[in-house]
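Engineer: Residues 4 to 463 (our numbering) make up the sequence shown, in order. Positions of the beta carbon are idealized from the N, C-alpha and C atoms, including for glycine. Given the structure is predicted, the values throughout are model-derived calculations rather than measurements. If you scroll down you'll find the structure; I have some questions about it.
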Amino acid sequence: MKFKVLTYLLTLIVLIISCENIDKNSKKNFYINTNTKNIKIGFNNQSFTWLIKDETLNFPFNDKVNNIKLISKVDSIDFKLSPGQKVSVDFIINKIDTINAIIYGASKPVVFDSKYIRENSGTYKNYVPKVHELVNIAFALTEIGAKDHNMINHKTDYYHKVIKYFKPFKNHVLIDSLNRNMEDDPYAYYYNLRMNACMYSFDSKGEIVNQSPYNRFSWSSINHLEELLYLVKDFSETSKFEDFYEKNEIYYDSLKQVQDKVAPIGKMWKWIEDRFSERYNSYKVYFSPLIGGLHSTQYYTDNDYKEAIMFINAPIFENNVSSIKKEIRSSRIVFTEIDHNYVNPISDLLSNEIENSFNNRFYWVLDDPGLNGYSTPYAIFNEYMTWSLYSLYLLDNFNEDELEEAVKEIEIIMIKKRGFIKFKEFNQKLIELYQNNKQSDIKSLMESILKWSKNQQNTI
């Protein structure tokens, strides 16, 4: 009971401090009258409709002062919003109810200084960070983490070791908080915390600090882990997590050595950049033996320096898997994240062609809630393309027998396990186009496969 009371008091203190920080950072306070809860918002030359909520409305970072306009049927206001600035707005509805929202201009996500550039340029590294592992352990103790094998890998001895050691702490307030926050959109929240955890480390005093050049790793401009760091630290101390990590450090190091061997990033990096105009200066790969199949990627640019980040599962294999198969499987995981950073920018240029070729969604994917993340032609095409591109990499780097088996395995995964039901036809066509003209750049290949795709879906 004392622990719960203390927890509530700590939470209250944090909320008060958070509110004080918002007030200090808010350079302006506004109000606007409205007779509905829907309001039109202008962001520079763009506009959209927003349902008024008691929450933070985030605008992306674009390295300049933005013009914001709020328009209702009875009132309007406009103001400037700088990167990192918070503005408080009271929405007065029908002159009776008031809803307060914070409008936030995302701050710069990264600063690459000359020292960082000098030390990292031309490198690729694998990491199993301590705070990242701590956050993955916390997710493994959640209600969803205990059931969802795509989120957490339940099949390893390491997982069972984690559960045995940390089960006495599954009612810790951190785990309660994760359970509550995962109710609406568990994967979005999981990705946010897991990706952002890679920025943090323990200092010599045991504090969790961000000593990286980044202020966020996730896709969202909001770092949800930051507000939980005091609970993460308490969970670490209560469970003696650092003792557990140190006892398993040899295992983590062995996984990094395996990853270096079975996923030759340098070879993949060269193959991709021989075929794309996009250039990256360094790669970082973060993984955990607890991650299931939820991989992600992100890239950042600053000071004419570009870094790609991958978040993947660990290189853990069944017994008697050959070294070639280990390389093919591990490389697939890394490659199909890496190549998003090259394919997506070209897809941005071909958005109209993609829209016209992949607008019949259920021709390309199963009608399955598990595929809700692929709801647009752009998302569907990019997943087809990034996985099929790996077949072209295999074609250039493995012999015929290895290639045939590997391509077949990819097609089975995409069709039967993931629900991309036309992947075999798409993949075989892209292979054919590539074999007919290996000198062709990838943009030309993408244009050709999009024309073919449009004809395919229009024949039904």
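Tell me the start and end of each unbroken beta strand (DSSP E) in the stretch 59-129 that is at least 3 residues and wholly inside, in chain order.
Structural biologist: Complete beta strand (DSSP E) runs here, min 3: 59-62, 69-74, 79-84, 89-96 and 100-108.
Engineer: Which residue or residues does DSSP assign as beta-bridge partners of threonine 52?
Structural biologist: Taking the first residue of the sequence shown as position 1, residue 52 is located at position 49. Paired residues: Lys43.
Engineer: Between the Cα of valine 288 and the Cα atoms of Lys236, His298, Ile383 and Ile415, which residue gives the shortest distance?
Structural biologist: As a first step, residue 288 must be located in the sequence shown, where it is residue number 285. Of the candidates Lys236, His298, Ile383 and Ile415, the one whose C-alpha sits nearest the C-alpha of valine 288 is His298.
Engineer: If you draw a straight line from the C-alpha of aspartate 26 to the C-alpha of proline 216, how long is it?
Structural biologist: In the sequence shown, counting from the first residue as 1, residue 26 sits at position 23. In the sequence shown, counting from the first residue as 1, residue 216 sits at position 213. In this predicted model, aspartate 26 has a pLDDT of only 40, less than 50, meaning its place in the structure is not dependable enough to derive any value.
Engineer: Of the residues His343, Ser350 and Phe429, which one's Cα is nearest the Cα of valine 368?
Structural biologist: Stepping through the sequence shown from its first residue, residue 368 is reached at position 365. For the residues His343, Ser350 and Phe429, the minimum Cα distance to valine 368 belongs to Phe429.
Engineer: Output needed for asparagine 36: all residues of its chain with C-beta closer than 6 Å, excluding positions within five of it in sequence on either side, in chain order.
Structural biologist: Taking the sequence shown and counting its residues from 1, one reaches residue 36 at position 33. Around asparagine 36: Val77, Asp78 and Ile95.
Engineer: Whole-angstrom Cβ separation of aspartate 66 and proline 86, contact assumed at under 8 Å?
Structural biologist: As a working mapping, residue 66 is identified with position 63 in the sequence shown. As a working mapping, residue 86 is identified with position 83 in the sequence shown. Contact holds; Cβ gap of about 7 Å.
Engineer: Using only alpha-carbon positions, find the residue among Ile312, Glu407 and Lys164 that is nearest to threonine 126.
Structural biologist: Position 123 of the sequence shown holds residue 126. Among Ile312, Glu407 and Lys164, the Cα nearest to that of threonine 126 is on Ile312.
Engineer: Just to confirm, is the Cβ distance from phenylalanine 320 to methionine 271 under 7 Å?
Structural biologist: Residue 320 sits at position 317 when you count from the first residue of the sequence shown. Residue 271 sits at position 268 when you count from the first residue of the sequence shown. No, the Cβ-Cβ distance between phenylalanine 320 and methionine 271 is not below 7 Å.
Engineer: For serine 394 and isoleucine 331, which I take to be in contact (beta-carbon distance under 8 Å), what is that distance rounded to the nearest angstrom?
Structural biologist: Position 391 of the sequence shown, counted from the first residue, corresponds to residue 394. Position 328 of the sequence shown, counted from the first residue, corresponds to residue 331. No, serine 394 and isoleucine 331 are not in contact; Cβ-Cβ is about 11 Å, not under 8 Å.
Engineer: In three-state DSSP terms, what is isoleucine 294?
Structural biologist: For this step, residue 294 is matched to residue 291 along the sequence shown. Strand, per DSSP.
Engineer: Pairs of beta-carbons, one from the stretch 301-310 and one from the stretch 274-290, closer than 8 Å: are there three or more?
Structural biologist: Short answer: they touch.
Engineer: What is the rounded straight-line gap between the Cα of asparagine 69 and the Cα of serine 91?
Structural biologist: Looking up residue 69 in the sequence shown gives position 66. Looking up residue 91 in the sequence shown gives position 88. Taking the straight line from one Cα to the other gives about 16 Å.
Engineer: In terms of alpha-carbon separation, which member of Asn226, Val138, Ile42 and Asn123 lies closest to alanine 109?
Structural biologist: Taking the first residue of the sequence shown as position 1, residue 109 is located at position 106. Here the closest residue by C-alpha is Asn226.
Engineer: Report back the beta-carbon spacing between isoleucine 275 and tyrosine 345 to the nearest angstrom; my notes put them in contact at under 8 Å.
Structural biologist: In the sequence shown, residue 275 corresponds to position 272, counting from 1. In the sequence shown, residue 345 corresponds to position 342, counting from 1. Yes, they are in contact, since the Cβ atoms of isoleucine 275 and tyrosine 345 sit about 6 Å apart, within 8 Å.
Engineer: Between the stretch 444-455 and the stretch 346-355, can you find at least three pairs of beta-carbon atoms closer than 8 Å?
Structural biologist: A contact exists between the stretch 346-355 and the stretch 444-455.
Engineer: How far does the alpha helix (DSSP H) with threonine 304 in it reach, from first residue to last?
Structural biologist: Taking the sequence shown and counting its residues from 1, one reaches residue 304 at position 301. No alpha helix (DSSP H) holds threonine 304; the beta strand (DSSP E) holding it covers 299-305.
Engineer: What first and last residue would you give for the beta strand (DSSP E) that runs through lysine 309?
Structural biologist: Reading the sequence shown from its first residue, position 306 is the one you call residue 309. Element bounds for lysine 309: 308-316.
Engineer: Pick from Leu293, Asn375 and Asp342: whose alpha carbon is nearest that of tyrosine 162?
Structural biologist: The residue given as residue 162 occupies position 159 in the sequence shown. Residue Leu293 is the option with its Cα nearest to tyrosine 162.
Engineer: Determine the contact status of cysteine 201 and proline 132, defining contact as a CB-CB distance below 7 Å.
Structural biologist: For this step, residue 201 is matched to residue 198 along the sequence shown. For this step, residue 132 is matched to residue 129 along the sequence shown. A contact, by the Cβ cut-off of 7 Å.
Engineer: Please return the same chain residues whose Cβ sits closer than 6 Å to the Cβ of histidine 152, not counting the five positions on each side in sequence.
Structural biologist: Here residue 152 corresponds to residue number 149 of the sequence shown, with the count starting at 1. Taken in chain order, the residues that qualify are Gly295.
Engineer: Would DSSP call serine 326 helix, strand or coil?
Structural biologist: In the sequence shown, residue 326 corresponds to position 323, counting from 1. Three-state result, serine 326: helix.
Engineer: Quick one: residues in its chain with C-beta nearer than 7 Å to the C-beta of serine 242, no 5 flanking neighbours on either side, listed in chain order?
Structural biologist: Translated into the one-based positions of the sequence shown, residue 242 becomes position 239. Cβ within range, chain order: Phe169 and Phe172.
Engineer: Kindly indicate the opening and closing residues of the beta strand (DSSP E) around isoleucine 416.
Structural biologist: As a working mapping, residue 416 is identified with position 413 in the sequence shown. Premise fails: isoleucine 416 is in no beta strand (DSSP E) and is neither H nor E.
Engineer: Span of the alpha helix (DSSP H) holding asparagine 461?
Structural biologist: Against the sequence shown, residue 461 aligns to sequence position 458. Looking at the DSSP string, the run of the alpha helix (DSSP H) that includes asparagine 461 is 445-461.
Engineer: Going by DSSP, what residue range makes up the alpha helix (DSSP H) through asparagine 385?
Structural biologist: Along the sequence shown, read from residue 1 onward, the residue named residue 385 stands at position 382. Counting along the chain, the alpha helix (DSSP H) containing asparagine 385 begins and ends at 380-400.
Engineer: In three-state DSSP terms, what is valine 288?
Structural biologist: Sequence index remark: in the sequence shown, residue 288 carries index 285 (1-based). Reduced to three states, the DSSP call for valine 288 is strand.
Engineer: Under three-state DSSP, which class holds asparagine 439?
Structural biologist: In the sequence shown, residue 439 corresponds to position 436, counting from 1. Three-state DSSP puts asparagine 439 in a helix.
Engineer: With C-beta atoms as the reference, is proline 372 less than 7 Å away from isoleucine 357?
Structural biologist: As a first step, residue 372 must be located in the sequence shown, where it is residue number 369. As a first step, residue 357 must be located in the sequence shown, where it is residue number 354. Going by C-beta atoms, proline 372 is not nearer than 7 Å to isoleucine 357.
Engineer: For isoleucine 52, tell me which candidate among Ile44, Phe244 and Ile147 has the shortest Cα-Cα distance.
Structural biologist: Walking along the sequence shown from the start, residue 52 turns up at place 49. For the sequence presented, residue 52 should be read as threonine rather than isoleucine. Considering only alpha carbons, the answer is Ile44.
Engineer: Please return the same chain residues whose Cβ sits closer than 7 Å to the Cβ of isoleucine 211, not counting the five positions on each side in sequence.
Structural biologist: Translated into positions along the sequence shown, residue 211 becomes position 208. Answer for isoleucine 211: Val134, Tyr203, Phe205, Leu232, Val235 and Lys236, listed in chain order.
Engineer: Could you pull out every residue in the same chain whose Cβ sits closer than 8 Å to the Cβ of tyrosine 437, ignoring the five residues on either side in sequence?
Structural biologist: Translated into positions along the sequence shown, residue 437 becomes position 434. These residues qualify, in order along the chain: Leu395, Leu398, Ser443 and Leu448.
Engineer: In three-state DSSP terms, what is phenylalanine 142?
Structural biologist: Against the sequence shown, residue 142 aligns to sequence position 139. Helix.
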